[in-house]
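Notes follow once the structure below has been shown.
2 protein chains.
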Amino acid sequence: MSRLTKIFLDDFGVFLGRKRNRFVVKKGEEKHEFLADDVESIICTSKAVALSVSALSLAVDRNIQVIFATYSGRPYAVLMPTVMTGSVRARREQFLAYMDERGFILAKSFVKGKIKNQANLLKLIAKNRKQRDPSLAYFLYRSGRLIDEVYERVEDEEGSNIDDKRLDLMNLEAEAARIYWRAIARILPEGLKFNGRETRGARDPFNAMLNFGYQAVLFPEVWKAVCYAGLDPYAGFLHADRPGKPSLVLDLMEEFRQQVVDRSLISLFSKNVIKPEDVLAVGVEAEEGRVLGKRVVQSMLDALLSRLDRAVMFGGRRGSLKSFIYSQSRNVVRFLLRVSSRYEPFILGW
Amino acid sequence: MSRLTKIFLDDFGVFLGRKRNRFVVKKGEEKHEFLADDVESIICTSKAVALSVSALSLAVDRNIQVIFATYSGRPYAVLMPTVMTGSVRARREQFLAYMDERGFILAKSFVKGKIKNQANLLKLIAKNRKQRDPSLAYFLYRSGRLIDEVYERVEDEEGSNIDDKRLDLMNLEAEAARIYWRAIARILPEGLKFNGRETRGARDPFNAMLNFGYQAVLFPEVWKAVCYAGLDPYAGFLHADRPGKPSLVLDLMEEFRQQVVDRSLISLFSKNVIKPEDVLAVGVEAEEGRVLGKRVVQSMLDALLSRLDRAVMFGGRRGSLKSFIYSQSRNVVRFLLRVSSRYEPFILGW
Numbered sequence: 005m006s007r008l009t010k011i012f013l014d015d016f017g018v019f020l021g022r023k024r025n026r027f028v029v030k031k032g033e034e035k036h037e038f039l040a041d042d043v044e045s046i047i048c049t050s051k052a053v054a055l056s057v058s059a060l061s062l063a064v065d066r067n068i069q070v071i072f073a074t075y076s077g078r079p080y081a082v083l084m085p086t087v088m089t090g091s092v093r094a095r096r097e098q099f100l101a102y103m104d105e106r107g108f109i110l111a112k113s114f115v116k117g118k119i120k121n122q123a124n125l126l127k128l129i130a131k132n133r134k135q136r137d138p139s140l141a142y143f144l145y146r147s148g149r150l151i152d153e154v155y156e157r158v159e160d161e162e163g164s165n166i167d168d169k170r171l172d173l174m175n176l177e178a179e180a181a182r183i184y185w186r187a188i189a190r191i192l193p194e195g196l197k198f199n200g201r202e203t204r205g206a207r208d209p210f211n212a213m214l215n216f217g218y219q220a221v222l223f224p225e226v227w228k229a230v231c232y233a234g235l236d237p238y239a240g241f242l243h244a245d246r247p248g249k250p251s252l253v254l255d256l257m258e259e260f261r262q263q264v265v266d267r268s269l270i271s272l273f274s275k276n277v278i279k280p281e282d283v284l285a286v287g288v289e290a291e292e293g294r295v296l297g298k299r300v301v302q303s304m305l306d307a308l309l310s311r312l313d314r315a316v317m318f319g320g321r322r323g324s325l326k327s328f329i330y331s332q333s334r335n336v337v338r339f340l341l342r343v344s345s346r347y348e349p350f351i352l353g354w
Numbered sequence: 005m006s007r008l009t010k011i012f013l014d015d016f017g018v019f020l021g022r023k024r025n026r027f028v029v030k031k032g033e034e035k036h037e038f039l040a041d042d043v044e045s046i047i048c049t050s051k052a053v054a055l056s057v058s059a060l061s062l063a064v065d066r067n068i069q070v071i072f073a074t075y076s077g078r079p080y081a082v083l084m085p086t087v088m089t090g091s092v093r094a095r096r097e098q099f100l101a102y103m104d105e106r107g108f109i110l111a112k113s114f115v116k117g118k119i120k121n122q123a124n125l126l127k128l129i130a131k132n133r134k135q136r137d138p139s140l141a142y143f144l145y146r147s148g149r150l151i152d153e154v155y156e157r158v159e160d161e162e163g164s165n166i167d168d169k170r171l172d173l174m175n176l177e178a179e180a181a182r183i184y185w186r187a188i189a190r191i192l193p194e195g196l197k198f199n200g201r202e203t204r205g206a207r208d209p210f211n212a213m214l215n216f217g218y219q220a221v222l223f224p225e226v227w228k229a230v231c232y233a234g235l236d237p238y239a240g241f242l243h244a245d246r247p248g249k250p251s252l253v254l255d256l257m258e259e260f261r262q263q264v265v266d267r268s269l270i271s272l273f274s275k276n277v278i279k280p281e282d283v284l285a286v287g288v289e290a291e292e293g294r295v296l297g298k299r300v301v302q303s304m305l306d307a308l309l310s311r312l313d314r315a316v317m318f319g320g321r322r323g324s325l326k327s328f329i330y331s332q333s334r335n336v337v338r339f340l341l342r343v344s345s346r347y348e349p350f351i352l353g354w
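Protein sequences appear in the order of chains A and B.
Okay, so the first sequence: first residue is 5 according to this note's numbering, each after it adds one.
Okay, so the second sequence: first residue is 5 according to this note's numbering, each after it adds one.
Structure follows, in structure tokens:
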């Protein structure tokens, strides 16, 4: 499988140009060229960057996504081709499904995927720590088993409409999350002072890293997969409608967060690639408005992107983690169009 | 009413930068600044342009649309904020409406708007030519009356589902179009050799001008209005679903084509602003891939943009033509959400 590149434009004074079928990234005397066929997306997290329109049009021609994000990773804009691939039929069914059993089944599947991956990730880490730290391993394994019990209760939920059942599913999800993040806190170095999960705006090291990973890497990938499959990113099932909230992207992200992001970021510490005290930006970087230091961002990107390319087995098929983001989006469509009678969440073993 | 600016980036070697809350357009020594509050959209029809990301982020912050189009005016990409204004509720109803009477009523209204504006534009021109050319005026007036008869037949159409009635509506629309364009051909200078309407790819002067006007000016305006109202641009009623086709934008454009574009372009000839022989690009410009000469494009833009700002009366309210594009999009939403029991197409008198 050929590895596709993401071009990250994350530095002051960078220019993205084009030379025939190549992207040229210039900074001062430095120059890198990328064959368009090898590029999968362009993510720009610095505002001190300039882009040539011919480079943007090359990206559009080749279906290469161009994302603009803040330093903390939150995407604020996407370059959208005016001609969308994917049929409007999928979106028709997506809206209809909200009112029938399909919406409930999808929401339940997303929660099941999330919870089972949480349990399996804890058990996997437990297995790896068994020799070194048996009591931690036992605690992690037990936490995984507790989450399995929550999973069973999700499994037992029945319904014919998501609006009636959202609160129940959300409560079960929150119950599993409490167990999960308490266990993760025990795995992480104490220097991170991780006291549980915080979403937007978090300025403590590990939450800032998680937010960056979810927003700058997982979100654009799922967004693209959802749009390419012809779905409306704003019309989710588990996540309730709220103006401006890309609920379906958030929905589908649930089954990928742990295996793509959490696992990669935890291993940056267990492999000593970065140290707790090096995570947050200081000095000039902090003044630029960055929460995370540039070197940490680079380490995270390396880890997350190679994780996305990692081959895994799911549903009897071998493929990169990334390829399953796309196939799961298409599976949502197949389920919505009733081509397939089931939707199986993406779950990895341990 | 304050006039808002569109920034057109249509020239070789232009750079769009930012200085605090201003856009800065530079070409060599030339430099223009635009206060962001005065800018409504940025349309880039040249590939030899560079943009700073901080300018793009200013545009996103201020809800200023950024459109990338070919020389002939066809938009190929739009910068989309990831947080959309407008509620997903409108899109839910839009998809549901396809299957009930609302879809038929909207499609019929779009055709009614288009046809009545065609008739009224011919009658208006007839009125203006009465002294100078009575026999042409009579022909134009008669053509307008013939279209009125087609309008009555559209009015008589009844249905409860657009799929059943699309062909009937389309046939009536085509009948009116034949009468309309035959009359327009008589108004235009003979040097244009206009033999009827051709859409994409037309290389004869007037069709190329119409395509530019519809695509580069009307389309982005309606696209923006539709998206801002929270509607899915790809899910139309009159225009059938086809992957990648922005059918709802095409639908809503119908009631604005004549009064915004056709009328402005015809008057460029009747006021002798441009001559038939000056329309098509020649020499270097043609080699760059342009169909239309730069000076003609500039004249068209001036005419079309000031036309959009022109105050008119509709529905008992005075506003710019452009403001009615936005209010008609919101009226579609009000009708879809059943806040309003009717949808009145935008029609101007003569």
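Glycine is no exception: its CB is placed at the ideal position from the N, C-alpha and C atoms.
The model shown is predicted, which means the values in this text are computed figures rather than measured ones.
For residue i, three-class secondary structure by DSSP
i	result
Leu192 of chain A	coil
Met5 of chain A	Note on Met5 of chain A: pLDDT 38, under 50, position unreliable in the model; the coordinate value appears next. It is coil, neither helix nor strand.
Val158 of chain B	helix
Val43 of chain B	strand
Arg321 of chain A	strand
Arg299 of chain A	helix
Gln69 of chain B	strand
Met3 of chain B	Nothing in the structure corresponds to residue 3 of chain B, since chain B is present only between 5 and 354.
Pro349 of chain A	coil
Arg79 of chain A	The displayed chain sequence assigns Pro, not Arg, to residue 79 of chain A. Pro79 of chain A: strand per DSSP, three-state reduction.
Leu150 of chain B	helix
Leu173 of chain B	helix
Leu284 of chain B	strand
His243 of chain B	coil
Lys134 of chain A	coil
Lys118 of chain B	helix
Trp354 of chain B	coil
Lys197 of chain B	coil
Phe99 of chain B	helix
Tyr184 of chain B	helix
Asp104 of chain A	coil
Gly3 of chain A	The structure shown does not extend to residue 3 of chain A, since chain A is modelled only from 5 through 354, so no value can be given for it.
Tyr238 of chain B	coil
Glu289 of chain B	helix
Arg4 of chain B	Coverage of chain B is limited to positions 5 through 354, which leaves residue 4 of chain B absent and any answer about it impossible.
Buried or exposed by the 16-neighbour rule on C-beta atoms within 10 Å, applied to residue i
i	result
Phe12 of chain B	buried
Asp255 of chain A	buried
Val288 of chain B	exposed
Ser6 of chain B	The pLDDT assigned to Ser6 of chain B is 48, lower than 50, so where the model puts this residue is not dependable; a value taken from the coordinates is nonetheless given after this. Counting Cβ neighbours within 10 Å, Ser6 of chain B comes out exposed, since fewer than 16 surround it.
Glu363 of chain A	Residue 363 of chain A lies beyond the residue range present for chain A, which begins at 5 and ends at 354; the question has no answer from this structure.
Met257 of chain A	buried
Ser310 of chain B	exposed
Which residues DSSP lists as bridging residue i, in chain order
i	result
Cys231 of chain A	Looking at the DSSP assignment, Cys231 of chain A forms no beta bridge with any residue, so it has no partner.
Ile11 of chain B	B:Ile46
His36 of chain A	A:Val29
Phe19 of chain B	B:Lys30, B:Ala54
Ala315 of chain A	A:Ser324
Cβ-heavy atom distance, residue i to the ligand COA, below 7 Å
i	result
Ser251 of chain B	Ligands displayed in this structure: none; no statement on the ligand COA is therefore possible.
Anticipated Cβ contact below 8 Å, residue i with residue j, distance rounded
i	j	result
Ile329 of chain A	Val226 of chain A	6 Å
Val70 of chain A	Leu60 of chain A	6 Å
Phe72 of chain A	Leu100 of chain B	Not a contact, Cβ separation roughly 34 Å.
Gly148 of chain A	Lys134 of chain A	So it is not a contact: roughly 13 Å between Cβ atoms.
Leu312 of chain A	Val264 of chain A	6 Å
Gly217 of chain A	Leu308 of chain A	6 Å
Ile119 of chain A	Glu177 of chain A	7 Å
Ser58 of chain B	Asp14 of chain B	Actually they are not in contact, since the Cβ atoms of Ser58 of chain B and Asp14 of chain B sit about 22 Å apart, beyond 8 Å.
Leu55 of chain B	Leu8 of chain B	Actually they do not touch by this definition, with Cβ atoms about 20 Å apart.
Val29 of chain A	Val18 of chain A	6 Å
Quick check: the segment 242 to 253 of chain B against the segment 263 to 281 of chain B, are there 3 or more CB pairs under 8 Å? no
Counting beta carbon pairs with one atom in the segment 197 to 217 of chain B and one in the segment 175 to 187 of chain B, are three or more of them shorter than 8 Å? yes
Counting pairs of beta carbons, one from the segment 163 to 180 of chain A and one from the segment 101 to 111 of chain A, are three or more of them closer than 8 Å? yes
I'd like to know if the segment 129 to 147 of chain A and the segment 94 to 101 of chain A are in contact, where contact means that at least 3 CB-CB pairs between them fall below 8 Å. no
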